[in-house]
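These notes are about the structure you will find just below.
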Amino acid sequence: MAYVSVPLYKRTIPQRYGLVGLRCKKCGWINFPPKGVCKNCKESLDFEKVKLSGKGTIYSYTVISAAAAPPEFSKQEKYGGTYVVALVDLDEGPRIVAQLTDCKPGEVKIGMRVKAVLRRIYEDEGVIRYGFKFKPQEEDLNG
Amino acid sequence: MESKVAVVGAGQSKYGESVDKSVKELFLDAYIELINSVDNGLEPREINAVYIGSLGSGGFQLGNLSALMAEYVGLPGVHAVRIENACSSSGFAFIEACLAIMSGMYDVVIAGGVEKMRDVSSLKAKYWLGVSGDTEYERLAGMTFAGLYAIMANRHMHDYGTTREQLSMVAVKNHKNAFLNPKAQFQNKITLEKAMNSPMVAYPLNLFDCCPTTDGASAVLLCKAEIAKKFTDSPVYVAGFGTGTDYLALHDRETITSLKAAVLAAREAYKKAGIKPKDVDVAEVHDCFTIAEIIAYEDLGFCERGEGGKFIEEGLSSMEGEIPVNLSGGLKAKGHPIGATGTGQVYEIFNQLRKTVQKPARQVKDAEIGLTHNVGGSGGTAAVTVFKV
Ligand SMILES: [Zn+2]
Numbered sequence: 002m003a004y005v006s007v008p009l010y011k012r013t014i015p016q017r018y019g020l021v022g023l024r025c026k027k028c029g030w031i032n033f034p035p036k037g038v039c040k041n042c043k044e045s046l047d048f049e050k051v052k053l054s055g056k057g058t059i060y061s062y063t064v065i066s067a068a069a070a071p072p073e074f075s076k077q078e079k080y081g082g083t084y085v086v087a088l089v090d091l092d093e094g095p096r097i098v099a100q101l102t103d104c105k106p107g108e109v110k111i112g113m114r115v116k117a118v119l120r121r122i123y124e125d126e127g128v129i130r131y132g133f134k135f136k137p138q139e140e141d142l143n144g
Numbered sequence: 025m026e027s028k029v030a031v032v033g034a035g036q037s038k039y040g041e042s043v044d045k046s047v048k049e050l051f052l053d054a055y056i057e058l059i060n061s062v063d064n065g066l067e068p069r070e071i072n073a074v075y076i077g078s079l080g081s082g083g084f085q086l087g088n089l090s091a092l093m094a095e096y097v098g099l100p101g102v103h104a105v106r107i108e109n110a111c112s113s114s115g116f117a118f119i120e121a122c123l124a125i126m127s128g129m130y131d132v133v134i135a136g137g138v139e140k141m142r143d144v145s146s147l148k149a150k151y152w153l154g155v156s157g158d159t160e161y162e163r164l165a166g167m168t169f170a171g172l173y174a175i176m177a178n179r180h181m182h183d184y185g186t187t188r189e190q191l192s193m194v195a196v197k198n199h200k201n202a203f204l205n206p207k208a209q210f211q212n213k214i215t216l217e218k219a220m221n222s223p224m225v226a227y228p229l230n231l232f233d234c235c236p237t238t239d240g241a242s243a244v245l246l247c248k249a250e251i252a253k254k255f256t257d258s259p260v261y262v263a264g265f266g267t268g269t270d271y272l273a274l275h276d277r278e279t280i281t282s283l284k285a286a287v288l289a290a291r292e293a294y295k296k297a298g299i300k301p302k303d304v305d306v307a308e309v310h311d312c313f314t315i316a317e318i319i320a321y322e323d324l325g326f327c328e329r330g331e332g333g334k335f336i337e338e339g340l341s342s343m344e345g346e347i348p349v350n351l352s353g354g355l356k357a358k359g360h361p362i363g364a365t366g367t368g369q370v371y372e373i374f375n376q377l378r379k380t381v382q383k384p385a386r387q388v389k390d391a392e393i394g395l396t397h398n399v400g401g402s403g404g405t406a407a408v409t410v411f412k413v
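Chains A and B, in that order, are what the protein sequence lines are.
Each residue of the first sequence is one higher than the one before, counting from 2 in the working numbering.
Each residue of the second sequence is one higher than the one before, counting from 25 in the working numbering.
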């Protein structure tokens with residue numbers, strides 16, 4: 002009952018491990034996650050790879066409650082209780098969805114500065130899936 | 025636009041947990057009521073085509089579902105197609121039926137929907153319910169369906185000052201309406217206090233902000249407008265319809281505090297019907313979560329952008345309000361059998377406009393224009409239809 006199969010996951014490793022987006026050679030728009038045809042000009046299929054900084058700002062978030070997680074996340078939920086999923090506006094433009102880590106749900110705010118870190122997402126079919134999560138940027142913790 | 029299509033019959037099974045009925049038997053319930061609702065009678069052989077909306081009933085009979093439904097109710101051989109657009113499957117099945125009639129190909133068509141959700145284990149249901157959102161990124165972030173609407177709600181509250189209390193008011197209203205609907209899954213009124221203090225599911229949404237999982241079926245009978253009077257003296261005409269699509273993932277969309285697919289659908293439907301939002305007398309909208317109903321008020325133009333919270337708070341969508349919304353109880357309390365929801369909404373509007381709802385206390389007064397708003401997934405698809413008598 003693997004939701005995202007290993008082969009499907011493997012094809013997206015550059016995005017999940019390295020935050021690699023595709024910059025449109027026609028209009029310059031950074032497509033992340035990739036689209037077949039550029040999301041902005043809707044014409045070009047000509048892209049170049051660009052690595053994103055992983056720095057961004059929380060646009061919105063939710064806290065998934067205990068017992069409400071998808072089955073592949075039930076182990077994480079069992080140990081950690083609730084977890085936060087956020088929409089993050091990356092400094093280079095794209096908006097992306099990911100979990101937050103290294104902070105408590107009560108500390109999360111819209112507008113908070115975060116940066117991407119590589120973490121374990123879950124284990125399924127006996128295979129560990131790594132990918133990016135976001136954690137608060139230091140300046141927010143200090144100030 | 026001159027109406028080319030009329031609705032002349034409608035049926036709906038009881039929504040809820042149907043332990044003793046299969047998806048076929050639920051569809052039969054809807055079909056029998058549909059046949060009986062045709063005032064001047066209908067010969068089943070007059071039916072040219074059947075369009076069935078279904079997500080897949082939890083994996084049961086993924087293939088050839090429409091032919092199965094047709095043969096079970098005695099219509100083998102008919103043109104039958106399953107339409108899948110997640111929670112808006114039968115809203116789209118209805119529109120495909122209209123298009124089939126408008127093309128001149130068919131004169132008498134059934135549009136319906138079925139879903140059997142309570143039969144599947146809760147583990148399997150969790151896998152199934154996520155399949156209409158974005159699987160590669162949202163699901164991989166541990167996102168749930170409630171979570172998607174929760175993240176919309178959080179930003180809506182941030183941008184417009186929509187309150188937690190206003191969300192709960194939607195649940196209270198829809199439960200109050202469903203209390204008068206014998207076919208609703210929940211027939212219990214709830215207090216604002218109870219709605220506000222239910223367990224959190226995905227902040228800021230709690231249990232009473234979420235629709236249930238439901239077994240159910242619905243079916244409506246459409247025909248070419250010119251022959252409508254052959255079936256009934258009081259047909260309901262399709263005044264206009266529109267559809268829209270959007271990026272599946274929220275992170276790809278222009279906005280998350282509005283469903284662009286629904287805005288596109290509504291704009292087209294109003295234009296074709298030649299009406300303004302305020303002309304609508306009664307509406308069934310897609311309240312899979314309370315925030316979805318508040319956003320629907322705005323997307324449909326019942327109020328200004330950001331004023332949806334105030335619209336519910338001021339009672340403007342209540343039975344006595346300016347535009348009564350979800351008199352059936354909505355997805356929240358009538359229930360949400362995914363594929364059946366769209367034509368289930370048409371069933372309610374058909375009866376409201378003909379003044380034939382089962383309990384008079386739920387009957388809206390003097391309504392001439394009705395609207396259905398059916399959304400797929402978290403807004404990847406939407407269908408809006410305007411009806412008139
Ligand atoms: Zn481009």
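The C-beta atom is built at its ideal place from N, Cα and C for all residues, glycine as well.
Q) So, are the CB atoms of B/N198 and B/G354 less than 9 Å apart? A) yes
Q: Taking B/G171 as the query, report the chain A residues whose CB atoms sit under 7 Å from its CB, ordered along the chain.
A: T63, I65, V86
Q | Nearest candidate by alpha-carbon position, reference B/V262, set B/E95, B/P384, B/F374 | A | B/F374
Q: Anything in the region 13-31 of chain A with a Cβ closer than 7 Å to a Cβ of chain B? List those residues in chain order, please.
A: T13
Q: Report the residue from A/D92, A/A117, A/G112, A/P95 whose alpha carbon sits nearest the alpha carbon of A/L101.
A: A/A117
Q. Roughly how many whole angstroms lie between the Cα atoms of B/G333 and B/G264?
A. 28 Å
Q. Helix or strand or just coil, what does DSSP make of B/K356?
A. helix
Q. Relative to the C-alpha of B/A364, which residue among B/A30, B/G40, B/P348 is closest?
A. B/G40
Q | CB contact check: B/N88 to chain A, cutoff 9 Å | A | no
(Q) Give the list of continuous alpha helix (DSSP H) stretches no shorter than 4 residues that lie fully inside the region 243-273 of chain B. (A) 252-255
**Q.** Short-range partners of chain B found in the region 104-122 of chain A, where Cβ spacing is below 7 Å
**A.** I111, I122
Q.
Output needed for B/G325: all residues of its chain with C-beta closer than 6 Å, excluding positions within five of it in sequence on either side, in chain order.
A. P301
Q: Please classify A/F135: does DSSP put it in a helix, a strand, or coil?
A: strand
**Q.** For A/F135, the nearest candidate out of A/L46, A/G127, A/Y60 (CA to CA)
**A.** A/Y60
Q) With DSSP run on the structure shown, which of helix, strand or coil describes B/I347? A) coil
Q) If B/N350 sits next to B/N201, beta carbons under 8 Å apart, how far is it from one beta carbon to the other, in whole angstroms? A) 6 Å
Q: Have a look at B/A391, B/G403, B/I59, B/G400 and flag the residue whose alpha-carbon is nearest the alpha-carbon of B/F411.
A: B/A391
Q) Nearest to B/H275 by alpha carbon, out of B/D158, B/I125, B/S78, B/V47? A) B/D158
Q. Is B/N201 near ligand 1, with its Cβ less than 8 Å from a heavy atom?
A. no
Q: Please classify B/K207: is it buried, with 16 or more other beta-carbons within 10 angstroms of its beta-carbon, or exposed?
A: buried
Q) CB-CB under 6 Å to B/I393, same chain, minus the five flanking residues each way: which ones, in chain order? A) D303, V304, D305, K412
Q.
I'd like to know whether the C-beta atoms of B/S402 and B/Y173 end up nearer to each other than 9 Å.
A. yes
Q. Nearest chain B C-beta to A/K40 closer than 9 Å, yes or no?
A. yes
Q.
Between the alpha carbons of A/E78 and A/E126, how many angstroms are there, rounded?
A. 18 Å
Q | Lining residues of ligand 1 - beta-carbon closer than 5 Å to any non-hydrogen atom, in sequence order | A | A/C25, A/K27, A/C28, A/W30, A/C39, A/N41, A/C42, A/S45
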